[in-house]
Each structure stands twice: as C-alpha cells, then as structure tokens.
Amino acid sequence: MSSMEAIRTPWAARRFRAPALGWEEGCLIRALDIGLASAAILFFLPLMAVTVLAVWGQGGGPVLFRQQRIGRGGRAFACLKFRTMTPDAEARLPDLIDAEWRASRKFRHDARVTRLGGLLRRSSIDELPQLLNVLRGEMSLVGPRPIVMDEASLYGRRLADYCAVRPGLTGLWQVSGRNDVPYRRRVAMDVWLARHLNPGVYLALLARTVPAVLSRRGVY
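The sequence shown begins at 16 in my numbering and counts up by one.
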C-alpha cells in the first residue's frame with residue numbers, strides 16, 4: 016500500500032504518533048474551539064448571509080467550495096470555503112500549472128478567481144465556513160494549515176507530526192506571511208506548531224491573527 020493510499024484509509028491513524036497535546040490541554044483547546052467558533056459564527060452570521068447571496072448571484076453555481084483535506088490521524092475531510100473561482104476552475108487547472116505553482120502551490124494572479132472572489136480572499140471572508148469544520152471537530156481554530164492529498168508526499172516523515180493534531184483555521188504560517196512564505200518553510204512551521212501546540216501558543220497565535228488578516232500580507 017502506498018503512503019497516499021494509507022492516508023485515505025480510516026485506520027491510517029494507527030500509523031501516526033500520538034497527539035503532542037496532553038489530555039487536559041487537548042480538552043481545554045477543544046472547549047475553546049467550540050466556544051470561540053460558536054461566538055464567531057453568531058457574530059459573522061449577517062456577513063456570511065450577505066456573502067452567500069453575493070456568490071450565488073454571480074451566475075449561480077455552488078456557494079461553497081468543498082475540497083478533501085487531510086485531518087488529524089490522516090483522515091480526509093471536506094474543508095469548506097466560500098467559492099471564489101469560476102465553476103469550471105478545477106477543469107482549467109492543468110492548463111495553468113507552471114513553475115510558480117510547483118514552487119508554492121499557489122498562483123499570484125489566478126485567472127480563475129472572480130472579482131468578488133478576489134475580495135473574499137483578500138479579506139479572508141472566504142474561510143469563514145471553516146468555523147463549521149471547527150464545530151464538527153475536523154479542524155481547530157489554531158493548527159497546521161490543512162493540506163490536500165497531493166501535498167502529503169512533500170512532508171515526508173514529517174507528515175506524522177502534521178497528522179498528530181487537527182489542522183487549523185489559523186496558525187504560524189497564516190500569521191507569518193501566508194503565500195509569501197516558501198513551501199519548505201511552510202512545512203517547517205506546520206511541524207513546529209504540531210510539536211509545540213499548547214493553550215499558550217494557541218491563544219498567542221489567535222491574538223496575532225487579527226493584525227495578520229488586516230495587513231493582508233501574502234494574500235492572493
């Protein structure tokens with residue numbers, strides 16, 4: 016069985032080391048996730064409702080973009096975002112892949128992103144649906160950035176560290192320049208966070224997230 020096939024199987028969690036957090040710390044962080052995510056959903060509900068109508072009004076198509084990401088224990092889950100691209104974005108990807116994509120897994124100027132989608136990305140509003148992923152226990156407010164299946168091989172042995180905790184809506188990479196950060200450094204940041212995550216680090220990164228979002232550094 017290949018490493019990719021193993022990640023797709025539910026029992027793959029056995030292959031990964033135990034979570035870095037102690038039981039008490041893990042329970043505290045989970046309680047913070049539920050409480051803070053619930054409060055954030057209530058606070059942002061009017062904005063999310065307006066966004067739903069705006070995205071739907073751009074020629075129809077799905078409002079939410081669902082993409083399979085790797086979660087804790089190597090289990091796949093559907094990561095939610097507001098759709099920011101044209102409905103045929105996935106079909107157009109092979110024609111756009113170039114050296115920039117291979118280096119950073121991101122395009123600085125992606126022709127598939129709609130005008131509204133660009134605004135949602137720059138403001139990080141597109142990621143608000145991931146609060147639902149947090150409530151469902153698939154993500155945490157703070158953790159390594161959620162990666163897609165094709166990125167697993169780029170982590171090598173360090174994938175075990177990534178899979179030890181829930182991926183996060185924010186984290187060290189998100190507050191350190193996001194897409195301006197070279198991919199190797201992203202991996203190193205994810206691994207560091209997985210190994211050192213605790214309630215203190217959790218709260219510190221949450222506090223750094225607001226100015227990082229407002230600065231829009233590395234967002235495209």
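Built from N, CA and C at the ideal position, the CB exists for glycine as well. Since this is a predicted model, take the numbers as computed values, not measurements.
- Nearest in C-alpha terms to V202, of all of R173, G88 and G133, is R173.
- Annotation: the continuous alpha helix (DSSP H) that includes T66 extends over W38 to W71.
- Take A93, set aside five residues on each side of it, and the residues of its chain with a beta-carbon closer than 6 Å to its own are R81, in chain order.
- With contacts defined as CB atoms closer than 8 Å, C178 and R87 qualify as a contacting pair.
- Between the alpha carbons of V128 and Q145 lies a gap of roughly 19 Å.
- Under the three-state reduction of DSSP output, R127 falls in the coil class, being neither helix nor strand.
- Distance between L150 and L187, taken at the CA atoms: about 21 Å.
- Boundaries of the alpha helix (DSSP H) harbouring A175: L174 to Y177, taken from the DSSP string.
- Distance between G89 and L169, taken at the CA atoms: about 15 Å.
- Taking a C-beta distance under 8 Å as the contact criterion, V190 and G158 do not qualify as a contact pair.
- The beta carbon of I162 is closer than 6 Å to those of I85 in its chain, skipping five residues each way along the sequence.
- Straight through space, the alpha carbons of L95 and L156 are spaced by roughly 14 Å.
- For G183, the enclosing beta strand (DSSP E) starts and ends at G183 to T185.
- A residue is called buried once 16 or more other Cβ atoms fall within 10 Å of its Cβ, and V65, having fewer, is exposed.
- Put simply, of G133, A91, E142 and A219 the residue whose alpha carbon is nearest the alpha carbon of E166 is A91.
- Within 10 angstroms of the beta-carbon of R160 lie 16 or more other beta-carbons, which makes it buried.
- Looking only at L143, G50 and M204, the smallest Cα-Cα distance to L79 is reached by L143.
- V157: member of the beta strand (DSSP E) spanning S155 to V157, first to last residue.
- In the three-state reduction of the DSSP assignment, I85 falls in the strand class, which pools E and B.
- Between W71 and the set E39, T99, P61 and R199, the nearest pair of CA atoms involves T99.
- Excluding sequence positions up to five before and after V228, its CB lies within less than 6 Å of the CB of S139, all in the same chain and listed in chain order.
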